[in-house]
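K.L.:
Note that the numbering used here has the sequence shown beginning at 10, numbered continuously upward. Even glycine gets a Cβ: it sits at the ideal position worked out from N, Cα and C. Quantities reported herein were computed from a predicted structural model and do not represent experimental measurements. Encoded as structure tokens, here's the structure I'll be asking about.
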Amino acid sequence: MYFKYLDFPEYTQDVQDRFVAYLKTAPDIYHRRLGVSLMLLGKERIEERFPEIRDLFKPYNLVPEKYMVFVVWKPTDCGIHADDWPQVARINLPVLNCQGTRTLFYGDHEMITVDRPGGSKVHLAKRQNLAPVEAANSNRPLLLKVQTLHKVDLPQHNPVPRITLSISFEVDPAYLFDVL
Ligand SMILES: [Fe+2]
């Protein structure tokens with residue numbers, strides 16, 4: 010299993026709307042001007058403005074380490090990839106236009122590592138015509154294995170940008186796969 014649905018009733022539509030309004034004040038991020046999908050946000054500012062997001066994870070004893078947004082404007086913005094990431098799992102929250110979109114998982118296949126603008130790396134599937142083995146509805150909070158090949162499925166006429174908030178923690182949340 011590569012993902013698990015989580016429930017955060019305190020993550021309301023109002024919080025999402027305020028988060029979108031906040032992102033619009035950072036046009037480079039909202040409009041994806043650097044050409045990358047996954048972008049790091051300033052932790053202090055996020056926790057100052059959205060303490061309720063930080064506090065969502067307290068029942069699991071998880072302390073957020075990094076807040077990132079994943080912004081997709083067109084279906085080709087996200088190919089089949091594995092994150093170059095030191096932990097197995099992160100938690101994603103839907104932010105905008107996630108209804109109708111999915112996160113697809115592909116299992117183990119050969120990968121190549123490429124540099125991305127901004128200095129980070131990503132592992133791409135050598136073959137991009139793979140068949141997914143699992144599919145998650147991106148409109149729900151998700152625990153997901155980011156080191157496994159995955160991609161965002163954005164249907165052609167879905168409203169855009171499609172944005173998720175991806176959060177990492179001081180302790181790898183992968184243990185939740187076993188306890189939930
Ligand atoms: Fe990813």
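Which partner residues of residue 100 appear in the DSSP bridge assignment?
P.N.:
As a working mapping, residue 100 is identified with position 91 in the sequence shown. In the DSSP output, where bridge partners are listed per residue, residue 100 has 152 and 176.
K.L.:
Which first and last residues belong to the beta strand (DSSP E) in which residue 32 is found?
P.N.:
Along the sequence shown, read from residue 1 onward, the residue named residue 32 stands at position 23. It is not in any beta strand (DSSP E) - residue 32 instead sits in the alpha helix (DSSP H) that spans 22–32.
K.L.:
Please list the terminal residues of the continuous alpha helix (DSSP H) segment that includes residue 36.
P.N.:
Here residue 36 refers to the residue found at position 27 of the sequence shown. Counting along the chain, the alpha helix (DSSP H) containing residue 36 begins and ends at 36–39.
K.L.:
Please tell me whether, using a cut-off of 7 Å, the distance from the CB of residue 16 to the nearest non-hydrogen atom of ligand 1 is below it.
P.N.:
On the sequence shown, residue 16 is found 7 positions in, with the first residue counted as 1. No, Cβ of residue 16 sits at least 7 Å from all heavy atoms of ligand 1.
K.L.:
Spatial neighbours of residue 168 within its chain, please: C-beta separation below 6 Å, excluding the five flanking residues on both sides.
P.N.:
Working through the sequence shown from its first residue, we reach residue 168 at position 159. If we look at residue 168 and ignore the five residues flanking it on each side, its Cβ neighbours are 106.
K.L.:
Got a sec? Which residues, its chain only, sit under 7 Å from residue 19 by beta carbon, not counting five neighbours each side?
P.N.:
Along the sequence shown, read from residue 1 onward, the residue named residue 19 stands at position 10. 61 and 65.
K.L.:
Rounding to the nearest angstrom, what Cα-Cα distance links residue 82 and residue 88 in this structure?
P.N.:
Residue 82 sits at position 73 when you count from the first residue of the sequence shown. Residue 88 sits at position 79 when you count from the first residue of the sequence shown. C-alpha separation (whole angstroms): 13 Å.
K.L.:
Using the beta-carbon count (16 or more within 10 Å), is residue 154 buried or exposed?
P.N.:
Within the sequence shown, numbered from 1, the residue matching residue 154 stands at position 145. Buried.
K.L.:
Kindly provide the ranges of any alpha helix (DSSP H) runs that are 4 or more residues long and lie completely inside the region 47–103, ordered along the chain.
P.N.:
Those alpha helix (DSSP H) runs which fall completely within the region 47–103 and span 4+ residues are 52–58 and 60–64.
K.L.:
Whose C-beta lies closer than 7 Å to the C-beta of residue 156 among residues of the same chain, with five residues either side of it excluded?
P.N.:
Here residue 156 refers to the residue found at position 147 of the sequence shown. Taken in chain order, the residues that qualify are 91, 92, 94 and 97.
K.L.:
Give every residue of the same chain whose Cβ lies closer than 6 Å to the Cβ of residue 28, excluding the five residues on either side of it in the sequence, and list them in chain order.
P.N.:
As a working mapping, residue 28 is identified with position 19 in the sequence shown. Excluding residues within five positions, the ones whose Cβ falls inside 6 Å are 104.
K.L.:
Within the present structure, is the beta-carbon of residue 92 separated from the nearest heavy atom of ligand 1 by less than 7 Å?
P.N.:
Here residue 92 is taken as the residue at index 83 of the sequence shown, counted from 1. Yes, Cβ of residue 92 sits closer than 7 Å to a heavy atom of ligand 1.
K.L.:
Quick check: the Cα distance between residue 136 and residue 160, rounded to an integer number of angstroms?
P.N.:
Translated into positions along the sequence shown, residue 136 becomes position 127. Translated into positions along the sequence shown, residue 160 becomes position 151. Approximately 13 Å between the Cα atoms of the pair.
K.L.:
Given a cut-off of 8 Å on the beta-carbon distance, is the pair residue 151 and residue 12 in contact?
P.N.:
Translated into positions along the sequence shown, residue 151 becomes position 142. Translated into positions along the sequence shown, residue 12 becomes position 3. Yes.
K.L.:
Indicate whether the contact test is met: 3 or more Cβ pairs, each with one atom in the region 140–151 and one in the region 42–61, closer than 8 Å.
P.N.:
No: fewer than three Cβ pairs fall under 8 Å.
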